[in-house]
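Worksheet: the structure to be examined is printed underneath.
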Amino acid sequence: MDSVMTIRGGVPLNGKVAVRGAKNLVPKAMVAALLGNTPSILRNVPEIKDVDVVTSLLTIHGVEVTKDPVTGDLTMDPQNAKTAPSREIDAHAGDSRIPILFCGPLMHSLGEAFIPDLGGCKIGDRPIDYHLQVLRNFGAVVEKRPGGISISAPKGLHGAKLELPYPSVGATEQVLLTACRAQGITELAGAAVEPEIMDLIAVLQKMGAIISVQTDRVIRIEGVEELSGYNHRALPDRNESASWASAALVTHGDIYVEGADQQDLTAFLNTYRKIGGAFDVNDEGIRFYHPGGDLKPLVLETGVHPGFMTDWQQPLVVALTQANGVSIVHETVYENRFGFTEALIRMGANIQLHRECLGSVPCRFGQRNFQHSAVISGPVQLKGTDIDIPDLRGGFSHLIAALAADGVSHVTGIELINRGYERFQEKLEGLGVDIDLRTSGV
Ligand code: EPZ
């Protein structure tokens with residue numbers, strides 16, 4: 017069924033929201049439970065679709081998943097893990113990218129796995145070549161099958177000396193989840209070191225893994241025979257925190273984000289301050305607000321941690337349409353992450369996309385015909401329009417643009433936002449937004 021959300025603009029968002037466990041850690045920690053020989057407990061789990069998808073995938077593989085009705089904490093018991101029929105896996109994979117991370121744990125516990133073709137936001141080609149390469153280096157046999165890949169480890173999995181061509185978060189997680197129980201030492205050069213990666217390492221260490229991270233992005237894992245379950249509280253979702261911060265700026269509002277952690281937001285907070293946003297940090301969260309006056313333009317380049325996170329740029333671009341001057345954003349992580357600007361342009365934003373690397377360093381996408389740099393001129397008054405949400409972060413940007421716009425916007429495809437923002441409609445209403453949501457019968 018399609019839902020249409022009608023949003024009347026001109027509404028400053030004022031109030032408080034609570035941010036819980038990170039969408040880009042929680043599903044991975046759930047997969048890690050498969051590696052243990054006793055149950056695991058995961059706390060601070062948000063109610064988002066990606067968690068439901070992984071719960072289904074674990075369940076069809078024989079893992080008993082129980083959710084505390086009050087706290088939402090998950091208990092996962094992998095002691096009866098079993099292979100699942102590929103058609104069932106396919107049915108449950110949904111539009112998630114997480115299934116690829118089942119490879120290592122399923123090979124360790126069952127000796128084989130079938131992984132369905134992946135979904136995820138359409139923000140680029142999103143290949144899995146790094147994943148398949150590292151699995152083969154561990155000794156896995158990987159075969160493409162209709163609808164997915166079949167993978168097995170007839171002779172077990174052994175440690176390997178690896179180097180990633182690009183610090184891929186997913187490929188680093190693939191290595192961590194496979195190497196921790198492989199025979200021998202694994203060395204991964206060119207690894208991702210995002211806060212979510214470090215939290216997954218903390219989960220694995222609690223299970224008995226031996227993992228060290230060097231300053232030169234080399235991660236070393238000493239394989240161990242067996243792992244036990246963990247008890248872990250997931251780190252907060254820094255992407256959701258940054259999204260609400262941008263929403264406060266765009267709507268001239270004032271939002272206290274309970275659970276926001278300054279440590280994981282350093283690059284975002286510096287940028288936020290430079291364009292004219294204000295924030296106050298306390299031990300429980302961060303208050304983000306528009307202090308008045310003009311917003312300032314800036315030149316921004318996304319990058320891997322500790323740089324400016326690619327997931328933060330979409331909501332911030334909406335704020336830049338309100339800045340007094342010309343801003344430039346060079347997106348260096350994904351080749352096609354400005355699709356969401358089409359709707360902003362229809363709302364009156366002045367944004368031009370370019371295939372050149374408009375930043376301090378040429379990136380992988382320079383001169384390859386990807387429009388991965390944006391020039392944004394402001395300030396402009398946005399006007400309400402009809403919007404069909406393209407992806408998770410772009411979708412949130414459309415919502416805050418509609419809230420800042422003059423007039424009414426009709427937004428479809430809002431289910432996409434449920435993948436990564438827990439109870440966002442409830443949160444918007446709590447911040448003073450009058451939402452009219454109609455579900456058509458189709
Ligand atoms: C994770 O995606 C996040 N998703 C993304 O968040 C995030 O933007 C991204 O990391 C970068 O930080 C989850 O954790 C579920 P990558 P992932 O592998 O792991 C290329 C959101 O909105 N690449 O670091 O898929 C890839 O095409 C989402 O929450 C290969 O070429 O990202 C991209 O250009 C969006 N081959 C770059 O690396 C591979 O085998 C970074 O991808 C793997 C990746």
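FYI, in our numbering the residues of the sequence shown are 17 to 458. We treat Cβ as the ideally placed atom computed from N, Cα and C, and that holds for glycine. Here the structure is a predicted model, which means the values were calculated and not measured.
Three or more beta-carbon pairs separated by less than 8 angstroms are not found between the stretch 348 to 361 and the stretch 212 to 222, which leaves the two stretches without contact.
The beta carbon of W328 is closer than 6 angstroms to those of A258 and F284 in its chain, skipping five residues each way along the sequence.
For G411, there is no enclosing beta strand (DSSP E); the enclosing alpha helix (DSSP H) covers residues L408 to A420. Counting other Cβ atoms within 10 Å of its Cβ, I416 reaches 16 or more and is therefore classed as buried. Rounded to whole angstroms, the separation of the alpha carbons of F154 and K171 is 10 angstroms.
Not a single heavy atom of ligand 1 lies less than 7 angstroms from the C-beta of A34. Counting C-beta atoms within 10 angstroms of its own C-beta, T194 has 16 or more neighbours from the protein chains shown and is therefore classed as buried. Here the stretch 402 to 420 makes contact with the stretch 134 to 151; the two share three or more CB pairs at distances below 8 angstroms.
Of A176, S343, G175 and V158, the smallest CA-CA separation from S168 is found for V158. When beta bridges are read from the DSSP output, I201 appears opposite E238. Bridge partners of G301 according to DSSP: E274 and N298. Straight through space, the alpha carbons of A49 and N247 are spaced by roughly 10 angstroms. A straight-line Cα-Cα distance of about 18 angstroms links R303 and V27. For R24, DSSP records a beta bridge to V424. In this structure R254 touches L281 by the C-beta definition: roughly 6 angstroms separates them, less than 8 angstroms.
Beta-bridge annotation (DSSP): N30 is paired with D270. Cα atoms of A109 and R103: separation of roughly 10 angstroms, rounded to the nearest angstrom. Within 10 angstroms of the beta-carbon of N40 lie 16 or more other beta-carbons, which makes it buried.
By the 16-neighbour rule on beta-carbons within 10 angstroms, S228 is exposed. In the three-state DSSP reduction, P43 falls in the helix class (H, G or I). The C-beta separation of P43 from I114 comes to about 5 angstroms, placing the pair in contact by the 8 angstroms criterion.
In the three-state scheme derived from DSSP, where H, G and I count as helix and E and B as strand, K83 is classed as strand.
Take N60, set aside five residues on each side of it, and the residues of its chain with a beta-carbon closer than 6 angstroms to its own are R36, G37, R249 and A250, in chain order. Inclusion of A208 in the 7 angstroms shell around ligand 1 follows from its C-beta lying nearer than that to a non-hydrogen atom of the ligand. The three-state secondary structure of R113, taken from DSSP, is coil.
Rounded to the nearest angstrom, the gap between the Cα atoms of D232 and A365 is 41 angstroms. A distance below 8 angstroms separates the beta carbons of L336 and G394. With fewer than 16 other CB atoms across the displayed protein chains lying within 10 angstroms of its CB, R289 is exposed.
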